[in-house]
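Quick note: to get the working numbering, add 1128 to the position in the sequence shown (first position is 1).
Even glycine gets a Cβ: it sits at the ideal position worked out from N, Cα and C.
Just so you know, these numbers come straight off a predicted model, no measurement behind them.
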Amino acid sequence: MMTEQLDELFVNRGYYKILSNLPEFVFYCHREMQAVNVIHVIDYRQGLYISEDQYFHLKEKIIDFFRQKGESEVHVMSLILCMDTQKAKKLCLCDSFCWIIDMADNRLIVHESQVSDFYGWKGILEDYLYELSRRPEETIQGNTAAEENKWNRQRISSWSLVNIILVAVNVILFLICTFTGDLLYNKGALSVMYIVEDKAYYRIISSMFLHWDLQHLFSNMIVLYYVGEVVERRIGHIPYAIVYFLAGIAGNIFSMGYELFSGENIISAGASGAVFGVEGALLFLVILHHGRLESMTAGRVAFAIAFSLYCGFTSTNVNNAAHVGGVLMGFAATALICLVFPRDRIRKDKNL
């Protein structure tokens, strides 16, 4: 059952399956920039034994296979499935690009001498095995293939529930604004004047869900939808909601501070502060995972944030203070959450 579940996981992540002459060896390949990444799955449960020489010969054959197809850069990660980890440990320790999946406890074992990640797969596998370990034993043993697919769809869709709700609320309120004119903007937009004179503190939050036009809404929601899904899946529903709102509030406080400092009378609205906070959260998570998370690197995420800030500072009618406040709070809040409330899915390498 585990092999079928892993097969679905790899294929759903864009990896192409290659069968070998032996059923105990299966390969999954995927192009990443100029390189081909290969995950070599070894089923070590069926009395299989291979020596170190045989193991490395097999990896060389894999690399040669792709080089004959014109690929100059090939990365191979071996994944040993076993019930007895001691049996696989000796083989695993001879190669830094080799991990063990302990099928008895549904856990990923990464020794100190192994690489800490392989294009984001450490976190993906840990998440998958963590969710698998929470399922009832009878479900693991008795489900049909259709039931397995149904459960996987339900699990995946529940990962970003809060994010989907946030996007939906923003879109619905924008649609309401198109029919009510300035009513919601007059009641919910942010300005120091409204906060100080009217004590309308609720505007610090209500303004996070209002957008001036379709382009304003679309640019925020497209980033929130894709980035928020990753962050929520990594830290959980409630922590994600906390990060989102703290970042939005911090962004609006920065905005009001700038308004007081500059002496300008600014009326603002938008989820930009919260969205930048989610990007800041993603940056921390990538750094936490040794600079690479799934297909993202710390450099790419940092560049995307810096470029977005640059575009804001070189444009007009953009609340740059909210963006800066949001990204700083998102980064800091996520760091604090991961430090104070560590989850099984955000954990350090196991040293065995």
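{"Asked": "What does a CB cutoff of less than 6 Å around G1305 pick up in its chain, not counting 5 residues either side in sequence?", "Found": "The displayed chain sequence assigns Cys, not Gly, to residue 1305. For C1305, where only same-chain residues beyond five positions count, the Cβ hits under 6 Å are L1312."}
{"Asked": "Could you give the DSSP three-state label for S1136: helix, strand or coil?", "Found": "Inspection of the sequence shows that residue 1136 is occupied by Glu rather than by Ser. Of the three classes helix, strand and coil, the one that applies to E1136 here is helix, per DSSP."}
{"Asked": "Going by the DSSP bridge assignment, what does L1421 pair with across the sheet?", "Found": "M1424"}
{"Asked": "Using only the alpha-carbon positions, how far apart do A1317 and M1336 sit?", "Found": "8 Å"}
{"Asked": "Taking the alpha carbon of S1241 as the point to measure from, which residue in F1193, A1449, C1222 and K1187 has its own alpha carbon closest?", "Found": "C1222"}
{"Asked": "Quick one, are the C-beta atoms of V1204 and K1187 less than 8 Å apart?", "Found": "yes"}
{"Asked": "Out of A1216, L1260 and K1217, which has the shortest C-alpha to C-alpha gap to Q1133?", "Found": "L1260"}
{"Asked": "Give every residue of the same chain whose Cβ lies closer than 7 Å to the Cβ of G1427, excluding the five residues on either side of it in the sequence, and list them in chain order.", "Found": "none"}
{"Asked": "May I have the straight-line CA-CA distance separating Y1353 from L1294, to the nearest angstrom?", "Found": "9 Å"}
{"Asked": "Give the DSSP-derived three-state secondary structure of K1315 in the structure shown.", "Found": "helix"}
{"Asked": "Locate the beta strand (DSSP E) running through C1157, then write down its first and last residues.", "Found": "F1153 to E1160"}
{"Asked": "What would DSSP say about M1205, mapped onto helix, strand or coil?", "Found": "strand"}
{"Asked": "Is H1417 buried or exposed, if buried means 16 or more other CB atoms sit within 10 Å of its CB?", "Found": "buried"}
{"Asked": "Which of the three DSSP states, helix, strand or coil, is assigned to Y1258?", "Found": "helix"}
{"Asked": "Identify, in the order they occur along the chain, each residue of the same chain with its Cβ nearer than 7 Å to the Cβ of L1410, setting aside the five sequence neighbours on each side.", "Found": "V1355, V1358, V1359 and V1429"}
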